[in-house]
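Comments concern the structure below.
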Amino acid sequence: MSRVLRVAMGVVIAAAAVALVLVLPHWLSDAKAAELARAGCFFIAIIGLNLVTGYTGQISLGQGALMAVGAYTTAILTADHGFRDLWTIPLAGLVAMAAGFALGLPARRLSGLYLALATFAFAVAMPALLKRFSGLTGGSQGINLFDQALNRSTGALGHVHVLGWTLATNDFLFYLTWGIGLVLAGAAWLLVRGRIGRAFRAVRDSEVAAASAGINTGFYKTLAFGISGFYAGVGGSLFVLASNWFVSPSTFGFDKSLLLIVGAVVGGLGSLAGMALGALFIQFVPDWAANVSNAPGAPSVFFGAAIVLVMILLPGGLGGLLRRLTEPLTRRL
Amino acid sequence: MGAMGKSRVLFGVLSALVIVSAASAGGSSTPGVTAKQILIGGTTPLSGPASAYAAVAKGADAYFKYVNDHGGVLGRSIKYKYEDDAYDPSQTIAKVRDLVQSDKVFAIYNTLGTEQNLAVRSYLNQLKVPQLLVASGASTWGNDYKKYPWTIGYQPSYRGEAAIYGRYIAKTRPTARIGVLYQNDAYGKELIAGLQRGLGKKAKLIVSKQGYDVTDTDVKSQIARLKSKKVNTLMVFATPKFAIQSYSSARLLGWRPLVFVNVVASASNTMTIAALASSKRQTEGSISLAFLKDPINPRWVNDKAVKLFRTILKKYNGGEGLTDYYNVYGMSSAFTLVDALRHSGKNLTRASVMHAVTHLNERNNPFVLPGIVVKTTATSRFPITQARLERYHNGQWVYFGPLVHVG
């Protein structure tokens, strides 16, 4: 397949994704739009996780905690410093990026399970940390922008007006999260195709070989964590808006970090399109599992079974399935 | 949903015309009010850690249905749409926004929980939607009416309640070692503040305060810590599930302090479960405060209001909750709302109901203890400010002392 054709395919896929996002709210109930907006936040965080785990091969169980950093950045700046919620989104990304770099430092020395444990410790400690500094974070009650910064929370009082269009709040949030998500997915696509992406993959495939080819493995590992932190921060920031402008330590328990890993693996590590499916999986399948039976423990069993089933039937994740479906088409091209 | 298409604009214009013509035909343009119906909404924990309070909405709903079958309020029936928020403020926000924006309710009523009501107060006041008879005893509902004129509470304030316990301890147990188990939120903290105020100079009798988060699974470690501080007077400032757990955890440790359990956790049906989960000896002698008639207290079994209470529940709630104190709360609150709606007159508006609810003078509410007057003025916005101390004895609450002012 020639390079031109590959780029053309990418453009077609991107255009289809944009079109889908644009028209979808017309068929959605208000509640579904809100749920999909939250799935969009997971989408963004999982793209970041995919960069560090899927492309660079470093297992991170701390992505949920990085989302918390972004979420609290947005909440604190909006509640206490007079920012409008939307303007805090990039700032949340940058703050979480700094946290991601810090989290990436152990990756220079640790690898495999040991790194996973170090990042997991970060995820487990996050809720306790948030409660500890209650002066800043509001303690276990968290921060409620809907009460404390109602007029700076976009859409909180009703419809949102954008460029002459009137949107229901949840539709607006849907467009916002998936719009930003698609832009960031495009950025990730460009990144993994370039020099940095090649270095990431080299580190993943063999650190020794990468180092002998002159790649500074420590630098690229830390960089991957930093970039993934930016994605997590943006996702976390949007998650505050999409969760009724409310955040508390229990929003980002360590289960969120595990859930994000589940989303990345089910979506298919190393595949970008699969990430959207992974995000939808972790947003909707737990709810579906809870509806199947509400006997004690049953929802977790069903959710677990769904994960196992996907992994057995689709070792490449949902993204792998996508690739298999489109391969005959692209090969003929 | 979504962007307004041309057909939607047309539809919007048409429906606006219909509404305008309906209004000029003698209807009212107040949201949620038609010639036949008043639509009110609220949230309540039908599930989650505080689901014991579900009856607060169910009792009120049953009472409205009873009123509707007896002519309604000045010809209008009341429709009360209550939604489950699982005691999670984030869900309260979503449900209340939905009630206001999609269902277009006339008012938010009887929403349960301190944090839950705080979460939507700014929003409702900004949109000038009444937030009526908040089911929480935080004193801010009555105190901060200048900033939030569309909000009013109902029950005696937590601050005043705990102050009564404080004064009682200072007087009768001057050498007590007080330990506090509290819900770690605005609700629990207000009770502590009230206790300290009531104790006055004796506030140093408090030797330990242990908080729990409402998302915690149990309070075992908190109770163990209180025991280790040699506490002999335990204040339980909790919601029902955790109040029951504090009795059973204390029993497991073989510890039997004198327990003060706050109003919203001391319903007789909660205490019955607490006694079953621990022992009769464990609950014996506990002290609390009451302002409603308790449906399982033999004293009220043949009372007219409690008989009516049972009839209403049988007919409109499938006979459920006949012994549930929180159903009484719901009915009492519904009685007051109906009273306020009547006084708002035929031309019901959001402003007129706020006027009525801040000028209550209700001597005939059958569900509150005899002698209690549900009363408000424009500047005194605590509807119920009287209650009686009670002691748990032989599986039921027994009043002691006269009606006291809870302020």
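As you go down the protein sequences, you meet chains V and Y in turn.
Position in the first sequence (from 1) plus 735 gives the number in my numbering.
Position in the second sequence (from 1) plus 172 gives the number in my numbering.
For every residue, glycine included, the Cβ atom is placed at its ideal position computed from N, Cα and C.
If you check the beta carbons only, do glycine 1002 (chain V) and glycine 1052 (chain V) fall under 7 angstroms apart?
For glycine 1002 (chain V) and glycine 1052 (chain V), yes; Cβs fall inside 7 angstroms.
For a contact defined as C-beta to C-beta under 7 angstroms, what are the partners of glutamine 876 (chain V) on chain Y?
Chain Y residues near glutamine 876 (chain V): Glu287, Asp357.
Which of the three DSSP states is assigned to alanine 946 (chain V) in this structure?
helix
7 angstroms Cβ cut-off: residues of chain Y touching glycine 893 (chain V)
Gln273
In this structure, does DSSP put glutamine 303 (chain Y) in helix, strand or coil?
strand
Taking the alpha carbon of alanine 751 (chain V) as the reference point, which residue from V:Asn905, V:Leu917, V:Gln793 has its own alpha carbon closest?
V:Leu917
The segment 448 to 464 of chain Y in contact with the segment 423 to 440 of chain Y per 3-pair CB rule at 8 angstroms:
yes
Contact list for serine 262 (chain Y) against chain V, beta-carbon separation under 7 angstroms
Ser978, Asn979, Phe981
Suppose only complete runs of 3+ residues qualify. What are the beta strand (DSSP E) ranges in the segment 839 to 923 of chain V, listed by chain order?
Residue ranges of uninterrupted beta strand (DSSP E) with 3 or more members, entirely inside the segment 839 to 923 of chain V and ordered along the chain, are 895 to 897, 900 to 902.
Taking DSSP as the reference, what is the three-state secondary structure of glutamine 327 (chain Y)?
coil
From aspartate 257 (chain Y) to alanine 766 (chain V), what does the alpha carbon distance come to, in whole angstroms?
14 angstroms
Continuous beta strand (DSSP E) stretch holding glycine 745 (chain V): start and end:
No beta strand (DSSP E) contains glycine 745 (chain V), which is instead part of the alpha helix (DSSP H) from 738 to 758.
In the DSSP assignment, the alpha helix (DSSP H) including glutamate 287 (chain Y) goes from what residue to what residue?
Here the alpha helix (DSSP H) through glutamate 287 (chain Y) covers 286 to 298.
Pick from V:Arg819, V:Arg1058, V:Leu908, V:Phe987: whose alpha carbon is nearest that of glutamine 883 (chain V)?
For the residues V:Arg819, V:Arg1058, V:Leu908, V:Phe987, the minimum Cα distance to glutamine 883 (chain V) belongs to V:Arg819.
Closest residue to alanine 439 (chain Y) among Y:Ala449, Y:Leu425, Y:Asn469, Y:Trp427 (Cα-Cα distance):
Y:Asn469
Return no unless some Cβ of chain Y is closer than 7 angstroms to the Cβ of asparagine 785 (chain V).
no
For a test of the three-state rule: what should DSSP assign to isoleucine 462 (chain Y), helix, strand or coil?
Looking at the sequence shown, residue 462 (chain Y) is not isoleucine but alanine. Here alanine 462 (chain Y) sits in strand by DSSP.
Sufficient close CB pairs (3 or more, under 8 angstroms) joining the segment 260 to 274 of chain Y to the segment 296 to 308 of chain Y:
yes
Which residue from Y:Arg345, Y:Ala334, Y:Asn282, Y:Ala342 puts its Cα closest to that of isoleucine 324 (chain Y)?
Y:Asn282
How is glycine 184 (chain Y) classed by DSSP in three states: helix, strand or coil?
Low local confidence applies: a pLDDT of 48 at glycine 184 (chain Y) is under 50, so the model's placement there is unreliable, with the coordinate-based value given in what follows. Correct three-state label for glycine 184 (chain Y): helix.
Does aspartate 990 (chain V) get closer than 7 angstroms to chain Y when you measure Cβ to Cβ?
no
Just grab the DSSP bridge partners of tryptophan 322 (chain Y) for me.
Paired residues: none, contrary to the question.
For the alpha helix (DSSP H) that phenylalanine 960 (chain V) lies in, which residues bound it at each end?
Segment 952 to 977, the alpha helix (DSSP H) holding phenylalanine 960 (chain V).
Contacting residues, own chain, Cβ-Cβ under 6 angstroms from glycine 775 (chain V) (five flanking each side not counted)
Cβ neighbours of glycine 775 (chain V) within its own chain (closer than 6 angstroms, five residues either side excluded): Thr912, Trp913, Gly916.
In chain Y, which residues lie with their C-beta within 9 angstroms of the C-beta of aspartate 820 (chain V)?
What aspartate 820 (chain V) touches in chain Y: nothing, since even the nearest Cβ is about 14 angstroms away.
State the Cα-Cα distance for the pair glycine 351 (chain Y) and lysine 399 (chain Y), rounded to the nearest angstrom.
8 angstroms
Check the Cβ of serine 972 (chain V) against every Cβ in chain Y and list those closer than 9 angstroms, keeping chain order.
Under the 9 angstroms cutoff, chain Y gives no residues; its nearest Cβ is about 16 angstroms from serine 972 (chain V).
How about the segment 802 to 812 of chain V and the segment 944 to 953 of chain V: do they share at least three Cβ pairs that are nearer than 8 angstroms?
no
For lysine 379 (chain Y), collect the residues of the same chain with a Cβ closer than 7 angstroms to its Cβ; drop the 5 residues on either side in sequence, then sort them by chain order.
Before going further, note that residue 379 (chain Y) is valine rather than lysine in the sequence given. Excluding sequence neighbours, valine 379 (chain Y) sits near Arg349, Ile350, Gly351, Lys401, Val403.
Which residue's Cα is closest to the Cα of valine 943 (chain V): V:Ala959, V:Leu1060, V:Ser846?
V:Ser846
Of all Cβ atoms in chain Y, is any one closer than 7 angstroms to the Cβ of aspartate 815 (chain V)?
no
Which listed residue (V:Arg741, V:Gly873, V:Trp900, V:Asn886) has its alpha carbon closest to that of serine 983 (chain V):
The candidate whose alpha carbon is nearest that of serine 983 (chain V) is V:Gly873.
Examine chain V for any beta-carbon lying closer than 7 angstroms to the beta-carbon of aspartate 385 (chain Y), and answer yes or no.
yes
What is the rounded straight-line gap between the Cα of leucine 801 (chain V) and the Cα of valine 927 (chain V)?
Leucine 801 (chain V) and valine 927 (chain V): Cα-Cα distance of roughly 21 angstroms.
Return the Cβ separation of phenylalanine 857 (chain V) and glycine 797 (chain V) in integer angstroms, given the expectation that the two are a contact with Cβ distance under 8 angstroms.
4 angstroms
For glycine 941 (chain V), three-class secondary structure by DSSP
Note on identity: in this sequence residue 941 (chain V) is serine, with glycine being the wrong assignment. The answer is coil: DSSP assigns serine 941 (chain V) none of H, G, I, E or B.
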